[in-house]
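A.B. asks: Can you keep this structure in mind? I'll have questions shortly.
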Amino acid sequence: MKHGMTTLRLVVLGAESVGKSAVTVRFLTRRFIGEYNSDKDLLYRSTIKQEDSFIELEILDTCSQKRNSEVPRESHVQWADCFVLVYSICDVKSFEKCKYILKSLQKMKSPFIVPILLLGNKKDLDHRRQVGLDEGHEMAQENSCQFYEVSAAETFMPINIAFQALLKDAKVIQLQKSNILRRRRSSLLNVSRKISAIFGRKDNDVDKKRPSCDVVPDFAMSF
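Going by the UniProt record's numbering, the sequence shown opens with residue 1, and the numbers climb by one from there.
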């Protein structure tokens, strides 16, 4: 394992035909592929360099669910450290779906902070735009998430910048969680030691006062 390695899990969510797979593959390979098999979830693994450290990244590219598609699967949500929500700027329904997904994610992940990237795809089709840039900014601000408009078909760099910003946030939050857990474990250990010391002293006092007698072995109990 490389020095300074962080492990992160990312789930890509969104409506059908918004470019979830195209965005994911563009980020990982710099290539654009126009057609994908969208009837199954795909898991990608890659090592990403970020500044002077490395991220061991797993990306779950989810297929679009026909039923209750605005509610992500709980198993996906609990598995992930961060999320990318993709909509098409040419499809207002896909934008509305992201609103429902955002609410579901925050409810399912509460009380933890969830690193989320809201991504408006197909920026190259601006002449067919149904969702304004300001609407994307507003949704992102209301839900405290990152927001970018990109074109998976045209270029790699904006997508890379967007993903890297999300991963940077996810690393910080993961570190904060680790520090909180470390402090909790340390506090519990200190309490445990204090309790042991107190009861240990009491046991010693009892031993000093106890008269000479035969010691009865513990009963062996079976259930």
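Glycine is no exception: its CB is placed at the ideal position from the N, C-alpha and C atoms.
From a predicted model like this one, the values you see are computed outputs, not experimental measurements.
In the structure shown, what three-state DSSP assignment does Thr47 receive?
C.D. replies: strand
A.B. asks: Specify the secondary structure class of Asn68 as computed by DSSP and reduced to three states.
C.D. replies: Any reading at Asn68 needs caution, since the residue's pLDDT is 49, under 50, leaving its predicted position unreliable; the model's value is listed next. Residue state, collapsed to three classes: coil.
A.B. asks: In angstroms with no decimal places, state the Cα-to-Cα distance between Leu13 and Glu74.
C.D. replies: 13 Å
A.B. asks: Using the Cα positions of Arg30 and Val11, report the straight-line distance between them to the nearest angstrom.
C.D. replies: 19 Å
A.B. asks: Where Tyr100 and Thr7 are concerned, what is the direct C-alpha to C-alpha distance, given to the nearest angstrom?
C.D. replies: Each residue's alpha carbon lies about 28 Å from the other.
A.B. asks: Given Gln174, which residues of its chain have a CB within under 8 Å of its CB, disregarding the five upstream and five downstream residues?
C.D. replies: Thr6, Leu8 and Asp81
A.B. asks: So, does the region 102 to 117 touch the region 136 to 154, judging by three or more C-beta pairs under 8 Å?
C.D. replies: The region 102 to 117 vs the region 136 to 154: in contact.
A.B. asks: So Cys90 and Arg129 are in contact, right, with Cβ under 8 Å, and what is the actual spacing, rounded?
C.D. replies: 6 Å
A.B. asks: Give, in chain order, every unbroken run of the alpha helix (DSSP H) that is at least 4 residues long and sits entirely within the region 112 to 172.
C.D. replies: 133 to 143
A.B. asks: Based on the DSSP secondary-structure assignment, which residues constitute the bridge partners of Ser88?
C.D. replies: Asn121
A.B. asks: Can you tell me which of Ile33, Lys93, Thr62 and Val92 puts its alpha carbon nearest to the alpha carbon of Phe83?
C.D. replies: Looking at the Cα atoms, Thr62 is the closest of the given residues.
A.B. asks: What does the alpha-carbon distance come out to for the pair Ala15 and Ala170?
C.D. replies: 23 Å
A.B. asks: Helix, strand or coil for Phe27? Go by DSSP, reduced to three states.
C.D. replies: helix
A.B. asks: Leaving out five residues before and five after Leu105 in sequence, what residues of the same chain have Cβ atoms less than 7 Å from its Cβ?
C.D. replies: Pro72, Val77, Phe83, Val114 and Ile116
A.B. asks: For Leu57, which residues of its own chain have a beta-carbon under 6 Å away from its beta-carbon, when the five flanking residues on both sides are left out?
C.D. replies: Leu8, Ser46 and Ile48
A.B. asks: Is Val18 helix, strand or coil when you go by DSSP?
C.D. replies: coil
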